[in-house]
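Engineer: Sending over a structure as structure tokens; questions will come in a sec.
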Amino acid sequence: MPAYQFTAIDASGKQQKGVLEGDSARQIRQQLRDKEWIPVTVDAVEQKDKTQSSGLFQKKFSAYDLALMTRQLSVLVAASIPLEEALRAVAKQSEKTHVQNLLLAVRAKVLEGHSLAQAMQQSGRFPDLYIATVAAGERSGHLDLILDQLSDYTENRFAMQKKVQGAMIYPIILMLMSFGIVMGLMTYVVPDIVKTFDQSKQALPWITVALMKASDFIRTSWPFVLVASVLGLILLVRFLKTQAGHYAFDRLTLKLPLFGKLSRGINSARFASTLSILTKSGVPLVDALKIGAAVSSNWVIRDAVNIAAEKVTEGGNLATQLERCGYFPPMMVQMIKSGEASGELDRMLERASNMQDREVTTFISTLLALLEPLMLVFMAGIVLVIVIAVMLPIVNMNNMI
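The C-terminal position of the sequence shown is numbered 401 in the UniProt record's numbering, with every residue numbered one higher than the one before it.
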């Protein structure tokens with residue numbers, strides 16, 4: 001039975017929104033009239049969801065929504081509740097309208113005879129990893145176990161994302177405050193202090209002259225600098241959205257000392273986790289490699305994995321191909337090689353995934369812990385330069401006296 005999203009006016013004149021199931025929009029309008037509500041709009045959930053997905057300000061299906069939905073669905077399916085009833089219960093449990101619409105649209109497809117994986121794929125809102133894993137679970141008859149594995153995977157990804165976001169709040173605030181303080185000093189404080197040196201015939205130190213010129217430039221040209229910065233940022237974002245720009249940025253990222261290691265670590269952990277859960281679910285290795293390449297955020301690494309998948313299709317060894325591309329840690333490659341030799345690739349991939357997750361988490365925590373004192377040192381260095389530039393002429397004048 002399809003679902004419809006409605007907007008109606010109740011008896012008190014207030015606007016009401018929600019989702020109802022019925023055979024047709026006409027039946028939904030009749031249900032609303034039975035409640036003494038006046039129907040305003042009644043749209044099929046699937047059509048509404050596609051319209052929102054193609055819009056500019058579409059509501060995102062977040063990592064939290066995906067993790068919560070997967071855990072709830074896995075619990076209900078494990079309790080032997082029919083899939084269509086489980087989808088309806090999870091939809092009702094959600095407080096977000098766009099999540100309800102998505103789940104009810106998937107449920108409508110399931111009721112039409114499609115599999116859960118096909119319904120998710122037609123919605124266009126689920127990751128390739130998610131769809132492939134659900135399809136493997138349906139083929140093997142162990143959808144409850146597969147959903148439980150997916151729940152752990154999505155929850156771990158969400159936990160890492162929130163940890164990084166939470167740790168970045170203080171450094172960002174500190175950086176903005178440092179920038180504001182420095183701009184305030186250069187705009188209001190420094191001009192009042194150094195203007196006493198303008199009429200002096202004494203030769204000023206180079207650092208003082210540079211500070212005075214920098215202060216004058218900021219006070220007179222800050223609107224132009226602001227406009228140029230905004231335009232430059234817009235052009236940079238547009239360039240990065242192009243294929244050439246994306247590849248250029250990814251190549252540059254891999255060459256940078258710290259960010260290159262971080263990018264390789266994050267993509268290695270994501271690749272190992274994806275490959276682990278897919279191989280355990282019974283997905284063929286070549287298909288799992290292609291999906292693992294698709295979830296990579298770095299296009300250079302993605303292309304390298306796709307090339308490795310082609311070589312594996314031709315009979316090549318997975319560990320050897322990953323080692324040749326040079327983007328994966330030697331320990332992870334060695335564990336994959338051991339898994340291929342022993343016939344326990346899925347178990348070794350799981351171990352490699354856990355190891356990479358721990359290494360990435362530790363590396364990110366270390367970087368964030370170093371970022372705070374580095375910001376303080378940077379701010380202190382700028383203030384020190386300003387103080388030296390102001391104090392040097394005063395000291396020279398005292399020495400002359």
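Each residue gets a CB set at the ideal place from its N, CA and C atoms; glycine is no exception.
Would the region 206-216 and the region 176-191 be scored as touching if the rule is three or more Cβ pairs under 8 Å?
Structural biologist: The region 206-216, when compared against the region 176-191, does touch it at the 8 Å Cβ threshold.
Engineer: Exposed or buried, which one is THR313 when buried takes at least 16 other CB atoms within 10 Å?
Structural biologist: Under this definition THR313 is an exposed residue.
Engineer: Report the option in GLY124, LEU129, SER115 whose CA atom is closest to the CA atom of GLY141.
Structural biologist: Considering only alpha carbons, the answer is SER115.
Engineer: With 16 as the cutoff for other CB atoms within 10 Å, does GLY232 come out buried or exposed?
Structural biologist: Flag for GLY232 reads exposed.
Engineer: Rank PRO284, PRO39, PRO205, LYS35 by C-alpha distance to the C-alpha of ASN396 and give the top, closest one.
Structural biologist: If we check each option's Cα against that of ASN396, PRO205 comes out closest.
Engineer: One question on the structure: do GLN321 and LYS337 come within less than 7 Å of each other, judged by their Cβ atoms?
Structural biologist: No.
Engineer: For ASP43, which residues from the same chain have a beta carbon less than 6 Å from its beta carbon, with the 5 sequence-adjacent residues on both sides left out?
Structural biologist: So the qualifying residues of the chain are GLN5.
Engineer: Which same chain residues, not among the five before or five after ALA389, have their C-beta less than 6 Å away from its C-beta?
Structural biologist: So the qualifying residues of the chain are ILE207, THR208, LEU211.
Engineer: Please classify GLN58: is it buried, with 16 or more other beta-carbons within 10 angstroms of its beta-carbon, or exposed?
Structural biologist: Note that GLN58 scores a pLDDT of 44, beneath 50, so its modelled location is shaky and nothing firm can be said.
Engineer: Is it a yes or a no for the region 249-266 touching the region 297-305, going by three-plus beta-carbon pairs under 8 Å?
Structural biologist: The region 249-266, when compared against the region 297-305, does touch it at the 8 Å Cβ threshold.
Engineer: Rounded to a whole number of angstroms, what is the C-alpha to C-alpha distance between ALA293 and MET355?
Structural biologist: Rounded to whole angstroms, ALA293 to MET355 spans 19 Å at the Cα level.
Engineer: Can you check DSSP and say which residues form a bridge with LYS241?
Structural biologist: Beta-bridge pairing links LYS241 to no other residue.
Engineer: Is MET168 buried or exposed, if buried means 16 or more other CB atoms sit within 10 Å of its CB?
Structural biologist: Per the 10 Å Cβ criterion, exposed.
Engineer: Going along the chain, which residues of its own chain have a beta-carbon closer than 8 Å to the beta-carbon of ARG251, five neighbours each way excluded?
Structural biologist: Once the five neighbours on either side are set aside, the close Cβ partners of ARG251 are VAL300.
Engineer: Is the beta carbon of LEU185 closer than 7 Å to that of ILE394?
Structural biologist: Not closer than 7 Å, so no.
Engineer: Using DSSP with H/G/I as helix, E/B as strand and the rest coil, what is ARG139?
Structural biologist: Helix.
Engineer: Just list the residues that DSSP pairs ILE38 with in beta bridges.
Structural biologist: The partner list for ILE38 (beta bridge, DSSP) reads ILE9.
Engineer: For GLN93, which option in THR7, MET69, LEU376 has the closest C-alpha, if you only look at C-alpha atoms?
Structural biologist: Of the listed residues, the one whose Cα sits closest to GLN93 is MET69.
Engineer: Whose C-beta lies closer than 8 Å to the C-beta of ILE291 among residues of the same chain, with five residues either side of it excluded?
Structural biologist: Contacts found: ASP128, LEU129, ALA132, THR274, LEU278, VAL283.
Engineer: Give the single residue among LEU143, ALA25, GLN243, TRP37 whose Cα lies nearest to the Cα of ILE81.
Structural biologist: Selected option, being the one with the closest Cα: LEU143.
Engineer: Looking at C-alpha atoms only, which residue of LEU392, MET391, ALA380 is the closest neighbour of PHE179?
Structural biologist: That would be ALA380, whose Cα lies nearest to the Cα of PHE179.
Engineer: Please go through the same chain and pick out, in chain order, the residues whose beta-carbon is closer than 6 Å to the beta-carbon of GLU350, but skip the five residues on each side of it.
Structural biologist: Correct list, in chain order: SER276.
Engineer: Apart from the five residues on each side of it in sequence, which residues of its chain come closer than 8 Å, Cβ to Cβ, to THR361?
Structural biologist: Closer than 8 Å at the Cβ level, and outside the excluded window around THR361, lie MET160, LYS163.
Engineer: Check whether the Cβ atoms of ALA63 and LEU73 lie closer than 7 Å to each other.
Structural biologist: Cβ distance not < 7 Å, so ALA63 and LEU73 don't count as in contact.
Engineer: Are the CB atoms of ARG107 and GLU84 nearer to each other than 7 Å?
Structural biologist: Cβ distance < 7 Å, so ARG107 and GLU84 count as in contact.
Engineer: Here's a check: name, in chain order, each residue in its chain whose Cβ is nearer than 8 Å to the Cβ of LEU368, leaving out the five neighbours to either side.
Structural biologist: Here the set comprises VAL164, ALA167, MET168, PRO171.
Engineer: Grouping DSSP H, G and I as helix and E and B as strand, with all else coil, what is GLY18?
Structural biologist: Strand.
Engineer: If you measure between the beta carbons of VAL91 and LEU103, is that distance less than 7 Å?
Structural biologist: The sequence shown places Ala at residue 91, not Val. Cβ atoms of ALA91 and LEU103: closer than 7 Å.
Engineer: Taking 7 Å as the cut-off, decide whether the C-beta atoms of ALA341 and ALA272 are in contact.
Structural biologist: Not a contact, by the Cβ cut-off of 7 Å.
Engineer: Comparing C-alpha positions only, which one of THR187, ALA78, GLN121, GLY18 sits nearest to THR220?
Structural biologist: Minimum Cα distance to THR220 is reached at THR187.
Engineer: Taking the alpha carbon of LYS99 as the reference point, which residue from ALA319, PRO257, PHE126, LEU76 has its own alpha carbon closest?
Structural biologist: Per the sequence presented here, residue 99 reads as Val, with Lys not at that position. Ranking ALA319, PRO257, PHE126, LEU76 by Cα distance to VAL99 puts PHE126 first.
Engineer: Can you give me the Cβ contacts of residue 403 inside the same chain, cut-off strictly under 8 Å, excluding the 5 residues immediately before and after it?
Structural biologist: Because the chain in this structure spans residues 1 to 401, residue 403 falls outside the shown range and cannot be described.
Engineer: Between LEU370 and the rest of its own chain, which residues show a CB-CB distance below 6 Å, the 5 nearest in sequence each way excluded?
Structural biologist: Answer for LEU370: no residue qualifies.
Engineer: Can you say whether LEU176 is buried or exposed, counting buried as having 16 or more other CB atoms within 10 angstroms of its CB?
Structural biologist: So LEU176 ends up on the exposed side.
Engineer: Under the rule that 16 or more other beta-carbon atoms within 10 Å means buried, what is THR154, buried or exposed?
Structural biologist: Buried, because 16 or more other Cβ atoms sit within 10 Å of the Cβ of THR154.
Engineer: How big is the Cα-Cα spacing for LYS255 and ILE146?
Structural biologist: About 38 Å.
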